[in-house]
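Undergrad: First residue of the sequence shown? That's 1 in full-length UniProt numbering, and the numbers climb one at a time after it.
We put the CB at the ideal spot given by N, CA and C, even for glycine.
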Amino acid sequence: MVQSRRRGGSYRCPRRAALPAAALLLFFLAAVALLYVSPPPVSDHPVVASSRRRRSAYALLNSSGGGGMDESERREISRVPMNGSTGRDDLWGSKLASKFYGCSNSGSKFLDSNITTQTDRYLMIVTSGGLNQQRTGIIDAVAAARILNATLVVPKLDQASFWKDSSNFSEIFDADWFISSLSKDVKIVKELPQIGGKLRAPHRMRVPRKCTERCYLNRVLPALLKKHVIRLTKFDYRLANRLQTDLQKLRCRVNYHALRFTAPIQEMGEKLIQRMRERSKYFIALHLRFEPDMLAFSGCYYGGGEKERRELGAIRKRWKGLHPNPEKGRRQGRCPLTPEEVGLMLRALGHSKDVHIYVASGEIYGGARTLAPLKALFPNLHTKETISSKEELAPFSKYSSRMAALDFIVCDESDAFVANNNGNMAKILAGRRRYFGHKRTIRPNAKRLYPLFLSRGNMSWDAFSSKVRMFQKGFMGEPRELRPGRGEFHENPSTCICERTDGKAKSRNDQVLDSSIDRGKAMDEQAVPNYTFEEVGEFDDGDEDAPAEKGMVDLEMDDDALVRPEDPELEQILSD
């Protein structure tokens with residue numbers, strides 16, 4: 001039926017047709033408005049909360065020139081500028097680094113081991129965990145032997161726990177160098193000799209966590225005097241964090257000078273470094289720590305729905321005493337950043353898209369799909385597998401500790417190191433890089449970055465990057481970032497870092513034991529009393545609410561605080 005024409009030449013729409021159309025239009029407009037004003041769900045991870053954004057990053061990796069993305073996705077990616085501020089000096093090092101140097105020489109009152117060692121006392125230890133957790137046990141074993149005036153038998157490595165690596169000490173570390181370089185500090189032998197013409201069976205013991213000097217003298221020495229050979233099992237974090245200055249410096253000599261990897265490991269590690277240098281003058285090493293076991297342990301949720309909850313929940317069942325609180329963990333900064341968040345942080349700090357990154361990691365949860373956002377932000381990603389052949393890695397690939405050692409070497413020599421968690425490898429490397437010149441070491445301030453990632457869609461890129469730089473102050477490896485004595489000594493070896501007073505430069509070789517006196521003022525020279533183990537309590541970390549000195553920050557609570565006494569294997573997941 002032809003509609004009647006109104007004056008003016010227009011047509012009149014029937015009222016019955018107009019009402020449903022108008023209602024549909026209003027409903028559509030209301031839905032769109034609700035989509036834009038509604039906040040992201042609290043239960044989702046800050047960056048991956050939006051499946052739309054997650055798809056955009058993956059689509060970018062699998063396309064060229066942004067193909068496959070809609071206009072809104074292109075706008076989201078385009079917010080990150082292509083070029084950073086790579087020319088800035090502070091991206092690759094601290095301007096204050098030259099004012100500090102490692103100083104681990106012993107004092108004049110530290111007697112030679114030929115004088116202190118008692119010939120009928122032998123200490124044996126069995127380490128625990130992965131490579132870096134075992135490293136802390138080896139370091140502390142040398143100090144414990146010195147406290148007891150005992151001969152140390154080369155430590156036995158953990159071959160039966162979570163990491164299941166059959167390597168012995170001499171297959172990871174240079175045992176001859178270890179023995180000779182510490183000969184003036186502690187007498188060390190490869191095998192237990194006969195005592196009085198016969199081989200004695202060791203007396204097995206386990207000392208408490210954070211056992212002080214007095215604790216060793218009261219608990220271990222009486223048994224050592226009677227049995228002559230003591231075997232301390234599960235030797236990890238069995239020595240107090242704070243000791244007398246000479247013992248702390250001994251720890252540093254072990255950690256930074258005596259523990260060298262074997263020639264095959266060291267040579268392969270140097271090849272990897274050379275290949276990274278051939279690609280770029282500067283490179284970043286990233287300890288991503290986004291493996292399934294780490295995510296299961298953290299208890300955090302990353303927006304993967306029921307599939308993620310089911311998969312990580314199954315792994316989490318291995319630790320009966322683990323009861324994570326995902327939302328609390330995120331607020332406290334205990335969740336590793338996603339690969340995308342790491343990339344956004346680095347771009348916000350000023351690194352451009354063409355920077356080369358060496359990724360030190362095991363199996364990444366989600367595989368290439370999870371790495372896609374990081375690769376979109378930094379296309380030049382490398383691993384030891386991508387810059388070396390299978391034949392070159394064959395002598396190491398079946399041994400988790402040897403593979404971890406290769407990553408350790410590259411991370412140690414990188415121009416900037418990013419630690420995505422506060423596990424043992426991150427702590428050891430942070431302390432080592434402080435000792436050898438405060439090389440740029442970035443620890444994400446996850447507690448402050450979490451709400452920023454959550455709300456970044458509501459601000460410009462310039463505002464976002466400005467806040468990232470502000471929140472990362474105190475987390476970039478600058479001198480005096482940490483108050484002396486705070487955190488684990490292996491991460492913050494303040495006793496072994498001196499401030500230069502003569503204005504002269506000091507090379508890495510000068511830090512080796514080549515003089516009897518260190519010139520300069522140590523950052524931490526206070527006397528440490530001998531408390532009993534019961535008196536120590538939380539002495540290691542002090543009051544978490546105590547204010548830091550101006551310009552310094554306190555470490556977050558140690559990961560060990562998550563480990564309950566009834567869960568002896570729980571801390572192994574943090575070993576690397």
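1. Taking the runs of the alpha helix (DSSP H) that are 4 residues or longer, which of them lie wholly in the stretch 267-294?
2. Considering only residues of the stretch 158-209, which uninterrupted beta strand (DSSP E) runs meet the minimum length of 3 residues and lie entirely inside it, listed in chain order?
3. Expressed to the nearest angstrom, what Euclidean distance is found between the alpha-carbon atoms of Gln396 and Phe178?
4. With Met294 and Asn492 assumed to form a contact (beta carbons below 8 Å), what rounded beta-carbon distance in angstroms separates them?
5. Apart from the five residues on each side of it in sequence, which residues of its chain come closer than 8 Å, Cβ to Cβ, to Glu270?
6. Just the C-alpha distance for Ala348 and Pro202, rounded to the nearest angstrom, thanks.
7. Could you tell me whether the Cβ atoms of Leu377 and Val80 are closer together than 9 Å?
8. Could you pull out every residue in the same chain whose Cβ sits closer than 6 Å to the Cβ of Lys198, ignoring the five residues on either side in sequence?
9. Between Asp415, Met425, Tyr237, Lys447, which lies nearest to Gly437 when the distance is taken from Cα to Cα?
10. For His490, count the other beta carbons within 10 Å of its own beta carbon; 16 or more makes it buried, fewer makes it exposed. Which is it?
11. Any heavy atom of the ligand NAD inside 8 Å of the beta-carbon of Phe283?
12. Pull up the distance between the alpha-carbon of Phe261 and that of Gly196, whole angstroms please.
13. Are the CB atoms of Val220 and Leu239 nearer to each other than 9 Å?
14. Restricting to runs no shorter than 4 residues, where is the alpha helix (DSSP H) found entirely within the stretch 211-270?
15. Of the choices Arg135, Arg209, Met205, whose alpha-carbon is the least far from that of Tyr256?
16. If you draw a straight line from the alpha carbon of Leu286 to that of Gln194, how long is it in whole angstroms?
17. Tell me whether Cys496 sits in a helix, a strand or coil according to DSSP, three-state version.
18. For Glu392 and Gln133, what's the separation of their Cα atoms in angstroms?
19. Among residues of its own chain, excluding the 5 on either side of Leu148, which ones have a beta-carbon nearer than 7 Å to its beta-carbon?
20. I'd like to know whether the C-beta atoms of His228 and Arg200 end up nearer to each other than 9 Å.
21. Does the stretch 443-454 come close enough to the stretch 466-473 to have 3 or more Cβ pairs within less than 8 Å?
22. Let me know the secondary structure DSSP gives Leu152 once reduced to three states.
23. Going by other Cβ atoms of all chains shown within 10 Å of its Cβ, with 16 needed for buried, is Glu278 buried or exposed?
24. Kindly indicate which three-state DSSP category Val468 falls into: helix, strand or coil?
25. Give me the Cα-Cα distance between Arg209 and Gly137, rounded to the nearest whole angstrom.
26. Excluding the 5 residues preceding and the 5 following Ala258 in the sequence, name in chain order all residues of the same chain whose CB lies nearer than 6 Å to its CB.
27. How should Pro379 be labelled, buried or exposed, when 16 other C-beta atoms within 10 angstroms of its C-beta is the threshold for buried?
28. Identify, in the order they occur along the chain, each residue of the same chain with its Cβ nearer than 6 Å to the Cβ of Ala430, setting aside the five sequence neighbours on each side.
29. If I follow the unbroken alpha helix (DSSP H) through Arg443, where does it start and stop?
TA: The relevant details are as follows:
1. The stretch 267-294 contains no complete alpha helix (DSSP H) run of 4 or more residues.
2. Whole beta strand (DSSP E) segments, 3+ residues: 203-205.
3. One-based indexing of the sequence shown puts residue 396 at position 396. One-based indexing of the sequence shown puts residue 178 at position 178. Checking the sequence, you will find Phe at residue 396 rather than Gln. Their Cα atoms are separated by approximately 21 Å.
4. The count along the sequence shown starts at 1 and reaches residue 294 at position 294. The count along the sequence shown starts at 1 and reaches residue 492 at position 492. Met294 to Asn492, Cβ: 23 Å. No contact.
5. Residue mapping note: residue 270 aligns to position 270 of the sequence shown, counting from 1. Only Ile409 meet the Cβ criterion.
6. Your numbering for residue 348 matches position 348 in the sequence shown. Your numbering for residue 202 matches position 202 in the sequence shown. Their Cα atoms are separated by approximately 56 Å.
7. One-based indexing of the sequence shown puts residue 377 at position 377. One-based indexing of the sequence shown puts residue 80 at position 80. Yes; because the gap between Cβ atoms is below 9 Å, this pair is in contact.
8. Here residue 198 refers to the residue found at position 198 of the sequence shown. Counting only Cβ-Cβ distances below 6 Å, and skipping sequence neighbours, we find nothing.
9. On the sequence shown, position 437 is the one that residue 437 refers to. Comparing Cα-Cα distances from Gly437 to each of Asp415, Met425, Tyr237, Lys447, the minimum goes to Asp415.
10. Reading the sequence shown from its first residue, position 490 is the one you call residue 490. So His490 counts as buried.
11. Summarising the ligand content, the structure contains no ligands, and the ligand NAD is consequently not present.
12. Against the sequence shown, residue 261 aligns to sequence position 261. Against the sequence shown, residue 196 aligns to sequence position 196. Roughly 35 Å separates the two Cα atoms.
13. On the sequence shown, residue 220 is found 220 positions in, with the first residue counted as 1. On the sequence shown, residue 239 is found 239 positions in, with the first residue counted as 1. No, they are not a contact pair.
14. 213-219, 221-227, 245-253
15. On the sequence shown, position 256 is the one that residue 256 refers to. For Tyr256, the nearest C-alpha among the options comes from Arg135.
16. Mapped onto the sequence shown, residue 286 falls at position 286. Mapped onto the sequence shown, residue 194 falls at position 194. Computed Cα separation, rounded: 48 Å.
17. The sequence position of residue 496 within the sequence shown is 496, counting from 1. Here Cys496 carries a helix assignment [DSSP, helix/strand/coil].
18. Position 392 of the sequence shown, counted from the start, is the residue given in the question as residue 392. Position 133 of the sequence shown, counted from the start, is the residue given in the question as residue 133. Roughly 26 Å separates the two Cα atoms.
19. For the purposes of this step, residue 148 is taken as residue 148 along the sequence shown, with counting starting at 1. Counting only Cβ-Cβ distances below 7 Å, and skipping sequence neighbours, we find Arg121, Leu123, Tyr216, Val220, Leu221, Leu224.
20. Along the sequence shown, one-based indexing puts residue 228 at 228. Along the sequence shown, one-based indexing puts residue 200 at 200. Contact: yes.
21. yes
22. As a first step, residue 152 must be located in the sequence shown, where it is residue number 152. Leu152 falls in the strand class under three-state DSSP.
23. Taking the sequence shown and counting its residues from 1, one reaches residue 278 at position 278. Burial call: exposed.
24. By 1-based counting over the sequence shown, the position of residue 468 is 468. Helix, per DSSP.
25. Taking the sequence shown and counting its residues from 1, one reaches residue 209 at position 209. Taking the sequence shown and counting its residues from 1, one reaches residue 137 at position 137. Cα-Cα distance, rounded: 12 Å.
26. Looking up residue 258 in the sequence shown gives position 258. Around Ala258: Phe178, Ser181, Leu182.
27. Indexing the sequence shown from 1 puts residue 379 at position 379. Pro379 is exposed by the Cβ-count criterion.
28. Mapped onto the sequence shown, residue 430 falls at position 430. Answer for Ala430: Thr441, Glu491, listed in chain order.
29. Here residue 443 is taken as the residue at index 443 of the sequence shown, counted from 1. For Arg443, there is no enclosing alpha helix (DSSP H), as DSSP marks it with neither H nor E.
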